[in-house]
Amino acid sequence: MKHITEDLLRAVGVSLIVLSFTVAGAVAQKSDHPALAPPVTSPAEKAAIQAFENQVKDYVKLHNQVREQAPKLSKDATPEQIQTYRTTLEGSLRNARKGAKRGDLFTPDIASFIRRTLKNEFQGKDRKDLRDIAFETELQGVVLRVNYPYAASAELSEMPATLLAKLPQLPKEVRYRFVGRNLLLVDRESNVILDFMPDALP
Amino acid sequence: MRKFLSSKLLLVALVVASLCTAAPAQKLNGSTPKNDSATSPVKLALPLKDGSLRFAVIGDTGSGSSKQSDVGNMMVQYRAAFPFEFVLMMGDNLYGGETPQDFEKKFAEPYRKLLSDKVKFYATLGNHDQPLQVNYENFNMNGKEYYRFKKGNVAFYSLNSNYMDKKQVAWLESELAKDTSEWKVCFFHHPPYSSAKKHGSDGQLREVVEPIFVKYGVDVVLTGHDHVYERIKPQKGIYYFVSGAGGQLRTGDVKESSPLIEKSYDQDMHFMLFEVAGDQMYFQAISRTGETIDSGVITRRKK
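One line per chain: the protein sequences are A and B, in this order. Under numbering that gives the first Met the number 0, the very last position in the first sequence is 201; numbers go up by exactly one each time. Under numbering that gives the first Met the number 0, the very last position in the second sequence is 302; numbers go up by exactly one each time.
Below, the structure is given as structure tokens:
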């Protein structure tokens, strides 16, 4: 009887420990940061966001197929290996996306939502920091053409964290980027411009 | 009654004054040259304690200019007296192009001696850095745009302030929440606090990261972006440094009237040295020509 009680207590103790770790882990994963709260969206906007995210997912599938055929890039690569990888990936992606044009990903529906979000985020005196950051990067040698690379020598704008939280979420292979007043969607590794919205910033 | 009130007020003032001066970095008394040569520019202001952790900090380096190499050479001279184990890079590691020649001219060449002496560099990405730098063998980023590593009793977090998305914020919170290291140091490119005219404080980044730093007891934050040196007055118990003149310089860019400044320097390029021994973190900022531009010690807060 004593053994049974001890075993039972031990089992309960272990369960409690496991449970506490699980709860702690779950809490740690969830960020309740007020500055990162998602935007309030209408059903139509929700549908537009979903459609956009699906299209981006389709692009990522293509990216991964192309990537499979590029030379592998290790985590401790030489500059030559990095250059070879980037140029191969860029060429293959451009080839695979022949005929891609502006508005393929930033369709009118999602563009409208993004413009509204940017307008909301950028208005008000307390948003001066945001405007300063977004307007900081000039066009400096960046040719805005879909399926062409963003110049490697050009500066990259900082994407404000509070704004990133409000825009549709992207997978790690794709990035938003501001250049002047334009919002770009670029492939992270190859720098190929996937689409852009001219004069997106209010 | 008035006398009683006056002495009470004086007492309160003294207590407030002592609270304000207890925690901040204190100046180290005197500098101790550890180099035998009478002509050596090395004037070390660090204690060189047994078993301490020693590292250097450089930021905004990748210009490939002769002055960047001067800073690299001065680091070598100081390393003879203060054998630091690794270097933290604050971003903008390569300006204006990333061909193999750029990697050579703007990184490998200026720090060749340190690299050959097996000094490890840990980089973070600046606004002039392409994401694939994370795969470069000598930046030790292990293919990641944000990462953590630990040395002795110090945990280092390299963050990508170019793109602080929800995933990165969640990762940072999750890692810090379980981190039991005595010291927590975060480094990234854009400064949450800065008195420079060109960029200045990055308020929107601060809005997101500062509450996390405070909540999880980050001790020190190292940044670059503004091409000056600045030690910020402690903010919410955290020590912030701007070290963005390792290869670029904006002379006269510091807004001298800024209330944030504890110490600043915008007349030449610089690098920094750090020494961590138990609850003390000693630091020294050194100009391109070897002059000490700032030094002190930070005592770890009880958490």
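Cβ atoms here follow ideal geometry from the backbone N, Cα and C, with glycine treated the same way.
Assuming B:Y238 and B:D293 make a contact with CB atoms under 8 Å, what is their CB distance in whole Å?
Numbered from its first residue, the second sequence carries residue 238 of chain B at position 239. Numbered from its first residue, the second sequence carries residue 293 of chain B at position 294. The Cβ separation is near 12 Å, so there is no contact.
Can you name the residues of chain A whose CB is closer than 9 Å to the CB of B:Y135?
Translated into the one-based positions of the second sequence, residue 135 of chain B becomes position 136. Within chain A, the residues near B:Y135 are D75, A76, T77, P78 and I81.
If we ignore side chains and look at the alpha-carbon of each, how far apart do B:I57 and B:N139 end up?
If you number the second sequence from 1, residue 57 of chain B lands on position 58. If you number the second sequence from 1, residue 139 of chain B lands on position 140. Roughly 15 Å separates the two Cα atoms.
Identify every residue that forms a DSSP beta bridge with B:T291.
Counting from 1 along the second sequence, the entry for residue 291 of chain B is found at position 292. B:T291 is bridged to B:I285.
Length-filtered (4 minimum) alpha helix (DSSP H) runs lying within the region 102-166 of chain B:
Segments of the alpha helix (DSSP H) lying fully in the region 102-166 of chain B: 111-115.
Check whether the region 96-104 of chain B and the region 274-293 of chain B touch, using three or more Cβ-Cβ pairs below 8 Å as the test.
no
Measure how close the beta-carbons of A:P167 and A:I132 come, nearest whole angstrom, since I'm counting them as under 8 Å.
Taking the first sequence and counting its residues from 1, the one referred to as residue 167 of chain A is at position 168. Taking the first sequence and counting its residues from 1, the one referred to as residue 132 of chain A is at position 133. Not a contact, Cβ separation roughly 20 Å.
Would you kindly work out how many angstroms separate the C-alpha atoms of B:Q279 and B:P46, rounded to a whole number?
Residue 279 of chain B sits at position 280 when you count from the first residue of the second sequence. Residue 46 of chain B sits at position 47 when you count from the first residue of the second sequence. Roughly 11 Å between the two C-alpha positions.
Please report the distance separating the alpha-carbon of A:A199 from that of B:P109.
Numbered from 1 along the first sequence, position 200 holds the residue referred to as residue 199 of chain A. Numbered from 1 along the second sequence, position 110 holds the residue referred to as residue 109 of chain B. Looking at the two C-alpha atoms, the distance is approximately 41 Å.
According to the Cβ coordinates, are A:Y149 and A:V173 closer than 7 Å?
Residue mapping note: residue 149 of chain A aligns to position 150 of the first sequence, counting from 1. Residue mapping note: residue 173 of chain A aligns to position 174 of the first sequence, counting from 1. No.
Out of B:I297, B:L93 and B:V168, point me to the one whose CA is closest to B:N137's CA.
Position 138 of the second sequence, counting from 1, holds the residue named residue 137 of chain B. Shortest Cα-Cα distance from B:N137 to any of B:I297, B:L93 and B:V168 involves B:L93.
Where do the N-terminal and C-terminal ends of the alpha helix (DSSP H) with A:T83 fall, by residue?
In the first sequence, the residue the question calls residue 83 of chain A occupies position 84. Here the alpha helix (DSSP H) through A:T83 covers P78 to A95.
Cutoff 7 Å: A:T161 Cβ touching any chain B Cβ:
For this step, residue 161 of chain A is matched to residue 162 along the first sequence. Closer than 7 Å to some Cβ of chain B, the Cβ of A:T161 qualifies, so yes.
Could you give the distance in angstroms between the alpha-carbon of A:R66 and the alpha-carbon of B:N134?
Working through the first sequence from its first residue, we reach residue 66 of chain A at position 67. Working through the second sequence from its first residue, we reach residue 134 of chain B at position 135. Between A:R66 and B:N134, the C-alpha separation is close to 15 Å.
Could you please give the first and the last residue of the uninterrupted beta strand (DSSP E) stretch that includes B:E261?
Position 262 of the second sequence, counted from the start, is the residue given in the question as residue 261 of chain B. I260 to Y264 is the span of the beta strand (DSSP E), which, as asked, contains B:E261.
With a threshold of 6 Å on Cβ separation, who are the neighbours of B:K150 within its own chain once the five nearest residues in sequence on each side are excluded?
Locating residue 150 of chain B in the second sequence gives position 151, counting from the first residue. Result list for B:K150: L52, in chain order.
Answer yes or no: do B:Q67 and B:G246 have a C-beta to C-beta separation smaller than 7 Å?
The residue you call residue 67 of chain B lines up with position 68 of the second sequence. The residue you call residue 246 of chain B lines up with position 247 of the second sequence. Taking 7 Å as the Cβ cut-off, B:Q67 and B:G246 qualify as a contacting pair.
Using beta carbons (cut-off 7 Å, strictly below), is A:A164 in contact with chain B?
Reading the first sequence from its first residue, position 165 is the one you call residue 164 of chain A. Chain B contact via Cβ: present.
Starting from A:N181, trace the beta strand (DSSP E) in both directions and tell me its first and last residue.
For the purposes of this step, residue 181 of chain A is identified with residue 182 of the first sequence, where counting begins at 1. Note, A:N181: beta strand (DSSP E), N181 to D186.
Answer yes or no: do B:G216 and B:K302 have a C-beta to C-beta separation smaller than 7 Å?
Within the second sequence, the letter at position 217 stands for residue 216 of chain B. Within the second sequence, the letter at position 303 stands for residue 302 of chain B. In contact: B:G216 and B:K302 (Cβ atoms closer than 7 Å).
In the DSSP output, which residue or residues are listed as bridge partners for B:A55?
Translated into the one-based positions of the second sequence, residue 55 of chain B becomes position 56. Bridge partners of B:A55: B:V86 and B:L272.
Classify B:D225: buried if its beta carbon has 16 or more other beta carbons within 10 angstroms, exposed otherwise.
Position 226 of the second sequence, counted from the first residue, corresponds to residue 225 of chain B. With 16 or more other Cβ atoms within 10 Å, it is buried.
Need the endpoints of the beta strand (DSSP E) that B:I237 sits in, please.
Your numbering for residue 237 of chain B matches position 238 in the second sequence. No beta strand (DSSP E) contains B:I237, which DSSP labels as neither H nor E.
What are the boundary residues of the alpha helix (DSSP H) that includes B:Y192?
Numbered from 1 along the second sequence, position 193 holds the residue referred to as residue 192 of chain B. Membership of B:Y192 in any alpha helix (DSSP H) is not indicated, and neither H nor E is assigned to it by DSSP.
Would you report the Cα separation of A:K60 and B:G142, rounded to the nearest angstrom?
Residue mapping note: residue 60 of chain A aligns to position 61 of the first sequence, counting from 1. Residue mapping note: residue 142 of chain B aligns to position 143 of the second sequence, counting from 1. If I take the Cα positions, the gap works out to 21 Å.
Would you call A:E89 buried or exposed, if buried means 16 or more other Cβ atoms sit within 10 Å of its Cβ?
Translated into positions along the first sequence, residue 89 of chain A becomes position 90. By the 10 Å Cβ count, A:E89 comes out buried.
With the cut-off set at 7 Å, would you say B:D218 and B:W182 are in Cβ contact?
For the purposes of this step, residue 218 of chain B is identified with residue 219 of the second sequence, where counting begins at 1. For the purposes of this step, residue 182 of chain B is identified with residue 183 of the second sequence, where counting begins at 1. Their beta carbons are under 7 Å apart, which means B:D218 touches B:W182 by this criterion.
Beta-carbon gap between A:A34 and A:T116 smaller than 7 Å
In the first sequence, residue 34 of chain A corresponds to position 35, counting from 1. In the first sequence, residue 116 of chain A corresponds to position 117, counting from 1. The Cβ-Cβ distance between A:A34 and A:T116 does not fall below 7 Å.
State buried or exposed for A:L193, treating a residue as buried only when at least 16 other CB atoms are found within 10 Å of its CB.
Locating residue 193 of chain A in the first sequence gives position 194, counting from the first residue. By the 10 Å Cβ count, A:L193 comes out buried.
Going by Cα to Cα distance, which pick from B:N159, B:L114, B:Y77 and B:D267 is closest to B:V208?
By one-based count along the second sequence, residue 208 of chain B stands at place 209. Among B:N159, B:L114, B:Y77 and B:D267, the Cα nearest to that of B:V208 belongs to B:N159.
Could you tell me whether any non-hydrogen atom of the ligand COA is closer than 6 Å to the CB of B:V133?
Of ligands this structure carries none, so the ligand COA is not represented either.
Skipping 5 residues on each side, what residues in its chain have a beta carbon closer than 8 Å to that of B:T291?
Looking up residue 291 of chain B in the second sequence gives position 292. Only S30, K42, A44, Q283, A284 and I285 meet the Cβ criterion.
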